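*Asks:* Below is one structure. I have some questions about it.
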Amino acid sequence: MKKLSLRITKVADQDLDDLYTEGFTTWGEAQADRYYDGLLERFERICEHPKMYPAVDDIREGYRRSVYEKHAIYYVVEGEAVEIRAVVKYQDVGSRL
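Residues in the sequence shown are numbered from 15 upward in steps of one, following our numbering.
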(Lines of atoms letter the chains of each structure in order from A and count residues from 1; the text may use other names and numbers.)
(Lines give C-alpha, C1' and ligand atoms only; values in the text may rest on other atoms or scores of the structure.)
Protein backbone atom coordinates (compact mmCIF):
# COMPACT_ATOMS: atom_id res chain seq x y z
CA MET A 1 0.00 0.00 0.00
CA LYS A 2 1.17 3.49 -0.85
CA LYS A 3 1.96 5.88 2.01
CA LEU A 4 -0.99 8.17 2.60
CA SER A 5 -0.70 11.92 3.08
CA LEU A 6 -1.22 13.45 6.52
CA ARG A 7 -3.80 16.03 7.55
CA ILE A 8 -4.20 17.34 11.09
CA THR A 9 -7.45 19.01 12.12
CA LYS A 10 -7.46 22.27 14.05
CA VAL A 11 -8.70 20.39 17.11
CA ALA A 12 -5.85 17.87 16.92
CA ASP A 13 -3.34 20.67 16.30
CA GLN A 14 -4.57 22.39 19.47
CA ASP A 15 -4.26 19.06 21.31
CA LEU A 16 -0.62 18.87 20.22
CA ASP A 17 0.04 22.44 21.36
CA ASP A 18 -1.55 21.73 24.73
CA LEU A 19 0.32 18.51 25.35
CA TYR A 20 3.63 20.11 24.36
CA THR A 21 3.02 23.01 26.73
CA GLU A 22 2.10 20.63 29.55
CA GLY A 23 5.19 18.51 28.88
CA PHE A 24 7.44 21.56 28.71
CA THR A 25 6.08 22.91 32.00
CA THR A 26 6.24 19.55 33.78
CA TRP A 27 9.33 17.87 32.32
CA GLY A 28 11.30 20.54 30.49
CA GLU A 29 12.07 21.33 26.87
CA ALA A 30 14.19 18.27 26.04
CA GLN A 31 11.58 15.76 27.24
CA ALA A 32 8.72 17.72 25.65
CA ASP A 33 10.62 17.71 22.34
CA ARG A 34 11.27 13.94 22.54
CA TYR A 35 7.63 13.16 23.26
CA TYR A 36 6.38 15.48 20.50
CA ASP A 37 8.85 13.98 18.02
CA GLY A 38 7.66 10.51 19.02
CA LEU A 39 4.08 11.49 18.25
CA LEU A 40 5.11 12.82 14.83
CA GLU A 41 6.94 9.54 14.13
CA ARG A 42 3.76 7.68 15.05
CA PHE A 43 1.78 9.86 12.62
CA GLU A 44 4.23 8.80 9.89
CA ARG A 45 3.77 5.14 10.81
CA ILE A 46 0.00 5.56 10.71
CA CYS A 47 0.31 7.03 7.19
CA GLU A 48 2.47 4.07 6.13
CA HIS A 49 0.16 1.43 7.67
CA PRO A 50 -3.20 3.04 8.42
CA LYS A 51 -5.07 -0.22 8.98
CA MET A 52 -2.46 -1.53 11.42
CA TYR A 53 -4.34 0.08 14.30
CA PRO A 54 -7.81 -0.99 15.40
CA ALA A 55 -11.09 0.54 14.35
CA VAL A 56 -13.03 1.98 17.28
CA ASP A 57 -16.51 2.22 15.81
CA ASP A 58 -17.92 1.81 19.33
CA ILE A 59 -16.40 5.22 20.16
CA ARG A 60 -17.08 6.94 16.85
CA GLU A 61 -17.97 5.43 13.47
CA GLY A 62 -15.01 5.31 11.06
CA TYR A 63 -12.36 6.18 13.66
CA ARG A 64 -9.18 4.24 14.33
CA ARG A 65 -6.96 4.54 17.37
CA SER A 66 -3.23 4.32 17.93
CA VAL A 67 -1.96 4.57 21.50
CA TYR A 68 1.36 6.34 21.99
CA GLU A 69 2.58 6.17 25.59
CA LYS A 70 -0.08 8.12 27.54
CA HIS A 71 -2.01 9.50 24.57
CA ALA A 72 -4.53 8.05 22.16
CA ILE A 73 -4.41 9.27 18.57
CA TYR A 74 -7.79 9.17 16.84
CA TYR A 75 -7.83 9.31 13.07
CA VAL A 76 -9.81 8.48 9.96
CA VAL A 77 -8.68 7.33 6.54
CA GLU A 78 -10.21 9.47 3.80
CA GLY A 79 -9.21 8.54 0.28
CA GLU A 80 -5.45 9.02 -0.04
CA ALA A 81 -5.06 10.76 3.33
CA VAL A 82 -4.99 10.08 7.04
CA GLU A 83 -6.70 12.80 9.03
CA ILE A 84 -5.69 13.07 12.68
CA ARG A 85 -8.85 14.14 14.51
CA ALA A 86 -7.74 14.18 18.17
CA VAL A 87 -4.77 13.43 20.41
CA VAL A 88 -6.00 12.91 23.97
CA LYS A 89 -4.76 11.52 27.24
CA TYR A 90 -5.83 7.92 27.16
CA GLN A 91 -7.94 8.19 30.32
CA ASP A 92 -9.77 11.31 29.02
CA VAL A 93 -11.27 9.72 25.91
CA GLY A 94 -14.90 9.72 27.00
CA SER A 95 -14.96 13.43 27.66
CA ARG A 96 -13.40 14.36 24.30
CA LEU A 97 -15.00 12.27 21.58
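Ideal Cβ positions, reconstructed from N, Cα and C, are used throughout, including at glycine.
Because the structure is a prediction, the values reported are computed rather than measured.
So I87 is in the beta strand (DSSP E); what residue range does that whole segment cover?
*Replies:* From DSSP, the beta strand (DSSP E) with I87 extends over 85-92.
*Asks:* Is G99 near T39, with beta carbons less than 8 angstroms apart?
*Replies:* Here residue 99 turns out to be Arg, not Gly, going by the sequence shown. For R99 and T39, no; Cβs fall outside 8 angstroms.
*Asks:* Name the two residues that bound the continuous alpha helix (DSSP H) containing L33.
*Replies:* Per DSSP, L33 belongs to the alpha helix (DSSP H) from 24-41.
*Asks:* Give the range of the beta strand (DSSP E) segment to which F95 is assigned.
*Replies:* The sequence as given places Ala at residue 95; Phe does not occur at that position. Element bounds for A95: 95-103.
*Asks:* Per DSSP, what are the beta-bridge partners of L20 in this structure?
*Replies:* Partner(s): V96.
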